[in-house]
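Residue numbers (my numbering): 4 to 381.
Note that CB positions come from ideal geometry on N, CA and C, so glycine has one too.
I have placed the structure first, in the form of structure tokens, so that the comments after it can refer back to it.
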Amino acid sequence: MPRLTILLGGFFSLTPVCPWYEPELPSGDDIRDDDDHDPDTGAGACGDGVIDPGEECDLGLANADDGACTSACLLAACGDGLIRVGVEQCDDGGNSSSDGCSDTCMTEACTWDLDGHTFPIDVWTGQAVLGEIAFDGDCDLIVGGGEETANIYRVDRNDGSVSLVVQGLPHSMVSGITHRASDDSVYFAAGIPDHLYALDDQDQVESIMPLEVPILSLTVAPQGFGDFGDQLIAVSYGPPQLLAIDVDNHVITPFAQSASLLSVATFGGDGTLYVADWGGDRILTVTADGIFTPFYTGLDAPDGLAIAPDGARMFVAHLSGAGRIDQISLPGATLTPGVEFELGTGAAPTGIVVDGANHVLFEMPLGGHAVVDVFDAP
4 MPRLTILLGG
14 FFSLTPVCPW
24 YEPELPSGDD
34 IRDDDDHDPD
44 TGAGACGDGV
54 IDPGEECDLG
64 LANADDGACT
74 SACLLAACGD
84 GLIRVGVEQC
94 DDGGNSSSDG
104 CSDTCMTEAC
114 TWDLDGHTFP
124 IDVWTGQAVL
134 GEIAFDGDCD
144 LIVGGGEETA
154 NIYRVDRNDG
164 SVSLVVQGLP
174 HSMVSGITHR
184 ASDDSVYFAA
194 GIPDHLYALD
204 DQDQVESIMP
214 LEVPILSLTV
224 APQGFGDFGD
234 QLIAVSYGPP
244 QLLAIDVDNH
254 VITPFAQSAS
264 LLSVATFGGD
274 GTLYVADWGG
284 DRILTVTADG
294 IFTPFYTGLD
304 APDGLAIAPD
314 GARMFVAHLS
324 GAGRIDQISL
334 PGATLTPGVE
344 FELGTGAAPT
354 GIVVDGANHV
364 LFEMPLGGHA
374 VVDVFDAP
């Protein structure tokens, strides 16, 4: 928009005058239009497509917090807390490694130094020890309150200390838990009534949406999994099916339905979705088009599933007596019997995670307590 400026510097006469004289004011001819003669020296606005003082870049409408030039007109850089699509896999706002996100903003496996821990770790008191566990963005372990409460607990990666992070939600259980790197948030499904929540990196809880069906398991789809990249993939029952949950737009899309009860799902490093078929005693692969393919049969009510960071092994919790976590090679599907433990009852998942040092951490009931124990994978 053109602006009119009175140019006083070169046209204001300050010749000596007697006290009774007034200084000469500029005439109308001395009022000029900046757009015709002088450049605009006013400060521009971020987003106008012009790089102004204090700005590192400005792509106009193309400014975006996941692009090369952010919405604050700063060049995207590792450590700014924003994930640049196609360049960064994560960005936790820091510049250190060994915390789940490297100093080059590449996702890395969480690795626990077990020297400062005493296992099993007592997390909470109760009998109904069910539900997933997950590493958060700082590689601490997030544990739900099973079918006792809708509480959320954190186990510190450095010393194994336990803190109560979320309590008092109007629900009676927590089952599905996962971490999404793109917003560094832990998502969890609470039940009775069914609802989806997010826990951010400042431990603030956000209500995402009510759920029409109970959710047993949550994981995050990688880019390239159909149209569901970075959406939550949920295992539900009543009916048993797989759902894609777009938490940003509050849209739920069922994409696969099973004839038998499913319990837990997770993605391999190559983007393959694996699902534990609790009712069919097997592990299946599932495409984004809803096509199931048997991967391994002959298990006994599998209800826990995790894949090692190197993508070469799967760990499956199933009944097999009182309970056992077995190892299955990928992609060869060869089973190696593993560690026996007390399996929680019911179809809800047994929580298992594997860190970068091949420590398999899992949740189980022990003497009226929910504990986290560990074994080293061969």
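Residue nearest to residue i in terms of C-alpha spacing, selected from the options
i	options	result
D206	V169, D116 and E366	V169
D306	L78, D280 and F298	D280
M212	N252, V278 and N154	N252
S261	V319, G271, E91 and L245	L245
G82	C108, D230 and C60	C108
D329	V342, G84 and G335	V342
V216	A201, V267, A237 and D204	A237
I145	D116, G119, T110 and R183	R183
G52	D94, A192 and C76	C76
D68	L369, E91 and S266	E91
A201	I218, T181 and L219	T181
I331	T275, I54, F298 and G149	F298
G171	S185, S99, S164 and Y156	Y156
V377	I124, A311, C104 and G314	I124
A224	G359, D106 and Y277	Y277
E209	L219, S188 and I218	S188
P334	T275, A80 and H174	T275
L235	G324, I218 and A320	I218
W127	S105, G147, D313 and S185	G147
T300	D313, H321 and D292	H321
T337	V319, G347 and S323	V319
H198	G359, G140, V177 and S185	V177
D284	S323, A259, I248 and V254	S323
G179	G370, S166, C113 and L265	L265
N361	L346, A315, V375 and V374	A315
S164	F122, G149, G140 and L221	F122
I294	D273, G370, L302 and F258	F258
Range of the contiguous beta strand (DSSP E) that encloses residue i
i	result
Y240	Run containing Y240: none; DSSP gives neither H nor E here.
E209	V208 to P213
G179	M176 to R183
L308	G307 to I310
T339	L338 to E343
D329	R327 to S332
I286	R285 to V289
P257	V254 to Q260
T300	F295 to T300
I155	I155 to V158
G367	Going by the sequence as given, residue 367 is Met instead of Gly. Element bounds for M367: H362 to L369.
R316	R316 to H321
L265	L265 to F270
D186	First-last for D186: undefined, no H or E at that position.
A48	No beta strand (DSSP E) holds A48; DSSP gives it neither H nor E.
L167	V165 to V169
Per DSSP, cross-strand counterpart(s) of residue i
i	result
L219	For L219, which the question treats as bridged, DSSP gives no partner whatsoever.
A1	Examination of residue 1 is not possible in this model, given that the chain is present from 4 through 381 alone.
H120	For H120, which the question treats as bridged, DSSP gives no partner whatsoever.
T353	G134
F378	V363
D249	V254
C104	T110
A382	Since the first residue of the chain shown is 4 and the last is 381, residue 382 is not available in this structure.
A192	L199
W152	Reading off the sequence shown, one finds Thr at residue 152, where the question assumed Trp. BP columns for T152 are empty, so no partner.
W127	A373
Within-8 Å CB hit, residue i to chain D
i	result
V267	No chain D appears in this structure, which consists of one protein chain only.
Practice item. Would you check if the stretch 124-138 and the stretch 345-361 touch, i.e. whether three or more CB-CB distances between them fall below 8 Å? Key: yes
Check your understanding: Counting Cβ pairs closer than 8 Å, one from the stretch 136-149 and one from the stretch 355-374, do we hit at least three?
Key -> yes
Exercise for review: Please determine if the stretch 55-66 and the stretch 154-163 are in contact, where contact requires at least 3 C-beta pairs separated by less than 8 Å.
Suggested key: no
**Study point:** Any alpha helix (DSSP H) of 4 or more consecutive residues that is wholly inside the stretch 54-90
**Key:** Qualifying alpha helix (DSSP H) stretches: none in this window.
**Study point:** Three-pair Cβ contact test at 8 Å for the stretch 189-200 versus the stretch 226-233
**Key:** no
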